[in-house]
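This report refers to the structure that appears directly beneath it.
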Amino acid sequence: MKVLKDRVAVITGAASGFGREFALIGARLGMKLVLADVQQDALEKTKAEMEQLGAQVIAMRCDVRHAEQVQALADAAMEKFGAVHLVFNNAGVGSGGLVWENTQADWEWVLGVNLWGVIHGVRIFTNLMLECAKKDPEYEGHIVNTASMAGMLNAPTMGVYNVSKHAVVSLTESLYQDLKLVAAPIGASVLCPYFVPTGISQSHRNRPEDVPGAAPTASQRAAQAMSDKAVSSGKVTAQEVAENTFKAISEEQFYVFSHPGALSNVQERMEDIVLQRNPGDPYKAAPHIRDMLREKLKVSIS
1 MKVLKDRVAV ITGAASGFGR EFALIGARLG MKLVLADVQQ DALEKTKAEM EQLGAQVIAM
61 RCDVRHAEQV QALADAAMEK FGAVHLVFNN AGVGSGGLVW ENTQADWEWV LGVNLWGVIH
121 GVRIFTNLML ECAKKDPEYE GHIVNTASMA GMLNAPTMGV YNVSKHAVVS LTESLYQDLK
181 LVAAPIGASV LCPYFVPTGI SQSHRNRPED VPGAAPTASQ RAAQAMSDKA VSSGKVTAQE
241 VAENTFKAIS EEQFYVFSHP GALSNVQERM EDIVLQRNPG DPYKAAPHIR DMLREKLKVS
301 IS
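Using UniProt numbering, the first residue of the sequence shown is number 1, and each one after it goes up by one.
See the structure below:
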């Protein structure tokens with residue numbers, strides 16, 4: 001996708017983190033913006049920022065777990081701007097702990113946002129974009145799905161999140177192949193950030209009322225503390241990740257990684273699979289982290 005000025009970008013999870021940075025770049029490039037988030041106050045603030053940059057913007061509260069709300073977002077985009085060219089299925093939440101300690105509500109919330117949100121976005125917006133392409137012989141489109149390095153690896157105490165992000169990687173690879181099969185003028189990319197300072201570790205601030213929470217277990221408290229530390233100490237910024245994502249869009253690059261150095265761990269995992277070895281030790285390079293976790297988890301297994 002080469003031309004971005006005056007094109008329409010839809011961004012979920014737009015009020016913070018990567019979503020806000022995507023919106024800022026889009027505004028500076030002269031794009032028209034359709035912003036969605038569940039946090040109304042932050043969404044309105046982001047909308048005002050984009051308008052100050054001169055962008056045409058609509059902002060809607062949208063819980064991507066619900067297909068009808070994603071459809072309403074698509075309908076609003078078409079009513080206001082008449083087309084959609086770039087879609088960031090970016091909304092996401094985090095949750096941790098030993099995989100058997102997550103409640104059904106935990107699973108439903110994380111998969112609802114991280115996976116079903118992307119499924120709804122792909123299903124609704126791809127069809128809409130194909131219709132736009134039929135009407136415009138010069139149409140170009142692109143879909144970016146935000147996954148994670150957790151979609152390439154399987155760290156302990158991150159099971160629910162890992163499952164959701166592996167599914168997003170698979171979904172996006174399938175989308176890419178299907179679009180190529182029918183020679184659609186629409187590209188696809190999967191964004192796999194590692195630890196980047198965003199609000200992902202504080203996802204519980206937006207946990208909806210229809211998803212009851214329980215008192216956290218020892219493993220969930222430990223996972224939360226580790227996530228807070230890792231995310232807050234990240235050296236790569238959300239702005240840098242967003243800039244690299246737009247570069248990938250222009251170059252039709254599928255995989256977008258914030259920390260290419262971490263791909264050595266992905267390579268080792270792939271080799272484990274090909275050579276039929278048992279999964280390797282994720283803490284081989286940092287055994288002190290494993291020891292710290294085990295110490296904190298004594299309460300869980302005693």
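Backbone N, C-alpha and C define an ideal beta-carbon position, used for all residues, glycine too.
query	result
Exposure label - residue 90; buried when at least 16 CB within 10 Å	buried
Whole-angstrom distance between residue 148 and residue 11, CA atom to CA atom	17 Å
Secondary structure of residue 132, DSSP reduced to three states	helix
Between the CA atoms of residue 288 and residue 262 - distance to the nearest angstrom	19 Å
Within 7 Å, strictly: CB atoms of residue 4 and residue 31	yes
Separation of residue 214 from residue 241, as counted between CA atoms	34 Å
Alpha helix (DSSP H) segment containing residue 57, residue limits	Here residue 57 belongs to no alpha helix (DSSP H); instead the beta strand (DSSP E) covers 57-61.
Three CB pairs or more closer than 8 Å across the region 99-109 and the region 222-232	no
Expected contact under 8 Å - CB spacing of residue 53 and residue 118 to nearest Å	About 27 Å separates the two Cβ atoms, so there is no contact after all.
Residue range of the alpha helix (DSSP H) that includes residue 12	Taken as a continuous stretch (DSSP letters only), residue 12 belongs to no alpha helix (DSSP H), being part of the beta strand (DSSP E) at 8-12.
Between the CA atoms of residue 77 and residue 249 - distance to the nearest angstrom	21 Å
Chain-order list of residues whose beta-carbon lies under 6 Å from that of residue 142 (same chain, five-residue window excluded)	1, 86, 187 and 249
Residue range of the unbroken alpha helix (DSSP H) whose run includes residue 32	Per DSSP, residue 32 belongs to no alpha helix (DSSP H); it is in the beta strand (DSSP E), 32-37.
Exposure of residue 63, with buried meaning 16 or more beta-carbon neighbours within 10 Å	buried
Range of the contiguous beta strand (DSSP E) that encloses residue 73	Per DSSP, residue 73 belongs to no beta strand (DSSP E); it is in the alpha helix (DSSP H), 67-81.
Which of helix, strand or coil DSSP assigns to residue 158	strand
Which of helix, strand or coil DSSP assigns to residue 194	coil
Neighbourhood of residue 234 by C-beta, 8 Å cutoff - its chain only, sequence neighbours within 5 removed	194, 195, 196 and 197
C-alpha distance - residue 82 paired with residue 135, whole-angstrom precision	11 Å
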